Structures are given as structure tokens and as C-alpha cells.
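Asks: In my numbering, the protein residues as written are 2 to 310. Positions of the beta carbon are idealized from the N, C-alpha and C atoms, including for glycine. Keep in mind that this is a model prediction, so the values were computed, not measured. Got a structure for you, written out below as C-alpha cells; questions coming shortly.
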């Protein structure tokens, strides 16, 4: 339901921007909150998005069809957009995902998506705050997250990357979890091994690792470099830090040397060494994060004193 609404919102932006904006499957943590605020939510048992006996989502065919539709709308000789496209777009979503019920029954009561969000879920979307870190705009001010997956043109609080750690640590120790957007395309982010960290001279590791490199990197814990603002920004500017994936930081753990890692829940199944979880170093979070989103109640005073809530 949330993903479907995101597709429609993305499509509207794509048409308004004449096709000069990203349209694809990517997004950021704020998308889930924004869709919840505008459209509400519903149990997966009510709307799965799976039809014709399917048991797993595969949006590739649907996306090709939707993208072709949007591009054809923009190519009309007159340049005038027929507003009927919105109905046609939603009809196509219905064909691939099933029609969304206007009302539904849940535990003996009738709801709309918005009333279910308000009465049963009860989360306040205004309670969630997103942070980024870039040194080309002032810290402790709002800034645009300048990445393709920020199709919503969201503004976030810009902070030093060391404060990612301040926020995450405080949230976890206060009983909250954290939404995390990050680069996962680095070879030292190892899903099979269930670990992500920053090796010394990380820029030398590019592409597929050799067997010897894998053994060296993942055989035992390694020393990590100090992550400065300049070092982090270099990755942003040269596009080696990319907006790849969103995950869920759920806890803290220590390795055999007492070094802390974040326990992160991924959405790639349970095929790795830790059954769907990955241990991520704090240096990796400082270096490769796109952003973090957290409930404002989980922020320490050292952060809230510097931003306007």
C-alpha cells in the first residue's frame, strides 16, 4: 500500500518536471512517513499487492509499463498533458497490484486507511525527523538531500557525521530504533559475511574482491580510519557514496575486542551468516550513510538544543 502510493506520487513529480527527475524503485525513509501521513495505512492481510497466486513482489514488468506510459504522456506533439493520465496510471497499478479497498474490516470494525492509521496504529508522522551530513552546506540548518532517490525533494537537518553516532547510540539506549539510508555497493559491505566496516585506504577496494582480499578483510576485525568531514564529502562528490538502500538499525553489539557495531535488519531474506542481520561499524555509518531518521523523542538534548522542533 505504501509502495503503491509512492509510485503515484513519483509519477506526478515526473510529469510536473517534464521527465527531468528520477523515476524508479528507489526512495528514502521519509517516503514511508510521508505516505502514511497523506494516505494512511492498512494491514498487509487486507492489501498484499500480490495477485494471480504470486507469493513474492517483482515490480520490474510493472515499472517498465508505467515508465513507458509516463514518457508517452510527455511526448505528445502539443506538449499539453491530458489529466486523464492519472486514472490510466492507477488503472495500471490496479492491474499489477490489485485494487485498493476504500474501506476494510479489521477485528470487527470498519476502517479507511486514514482512520486505521489514526485509531489503530497511532503514530504521529510529525514525530519523525531525518538527518543528513554534507559539508557543502551549513551544519545545523535544513538542507536538500541532493540524491536521485530524493524524488520528494525532502529537506533534512544537516549535521556533522559524528552526530549520526550520537543520535543512533542515544536512540538505541532509549529503547528506539533508527531508519538508516546508506551506500551498500562497497566491497567492504559484505552481506554474505554479515559485516560492514571501513578498511584503511578504502578507495583501493573497488569492484569484485579477490579471494585473498576477502580473507584479509573479513578474517578478523580490522583497524578503521578516522572519518573526517572532508573524507566523507569526497565520497559524496566523486559519487562513490551512492543512495542504494534503506535498512533498520535495531541494536548494539561488541566484537571480540570490545568494539561496538550496530545490529542492522536488512530486507534481503535470511541467506547470510546472521539470518538477515548485518553488523555495521560506526565508522561505516559515519562514512557511507545517506541519512538517518528517528523519533524526535529519541534525540538527546545535545541535538535538540541545536535544531528547531
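Mind listing, in chain order, the continuous alpha helix (DSSP H) runs of no fewer than 4 residues lying wholly within the segment 94–150?
Replies: 114–117, all fully within the segment 94–150.
Asks: For residue 267, which option in 181, 238, 296, 39 has the closest C-alpha, if you only look at C-alpha atoms?
Replies: Ranking 181, 238, 296, 39 by Cα distance to residue 267 puts 181 first.
Asks: What does the alpha-carbon distance come out to for the pair residue 40 and residue 310?
Replies: Answer to the nearest angstrom: the Cα atoms are 24 Å apart.
Asks: So, using beta-carbon positions, are residue 6 and residue 43 closer together than 8 Å?
Replies: Not in contact: residue 6 and residue 43 (Cβ atoms no closer than 8 Å).
Asks: Would you report the Cα separation of residue 161 and residue 152, rounded to the nearest angstrom?
Replies: Going from the Cα of residue 161 to the Cα of residue 152 covers about 24 Å.
Asks: Suppose the cutoff is 7 Å on Cβ atoms and the five residues either side in sequence are ignored; what does the same chain contact list for residue 198 look like?
Replies: Same-chain partners within the cutoff: 189, 223, 225, 282, 284, 285.
Asks: Go through its chain and collect everything with a Cβ distance to residue 51's Cβ below 6 Å, but skip five positions before and after it.
Replies: Nothing listed; no residue qualifies.
Asks: Report the residue ranges of all alpha helix (DSSP H) runs contained in full by the segment 17–52; include only those spanning at least 4 residues, in chain order.
Replies: DSSP runs (the alpha helix (DSSP H)) wholly in the segment 17–52: 30–40.
Asks: How far does the beta strand (DSSP E) with residue 278 in it extend, from its first residue to its last?
Replies: Counting along the chain, the beta strand (DSSP E) containing residue 278 begins and ends at 278–282.
Asks: Nearest-angstrom Cα distance between residue 183 and residue 207?
Replies: Distance between the alpha carbons of residue 183 and residue 207 is about 17 Å.
Asks: Any contact of the segment 118–132 with the segment 296–310, i.e. 3+ C-beta pairs under 8 Å?
Replies: Segments in contact, yes.
Asks: Is the segment 159–174 close to the segment 228–239, with three or more CB pairs under 8 Å?
Replies: Touching, per the Cβ criterion.
Asks: Which residue wins for smallest C-alpha separation from residue 287, given the options 246, 201, 243, 229?
Replies: Considering only alpha carbons, the answer is 229.
Asks: Are the beta-carbon atoms belonging to residue 66 and residue 104 less than 8 Å from one another?
Replies: Cβ distance not < 8 Å, so residue 66 and residue 104 don't count as in contact.
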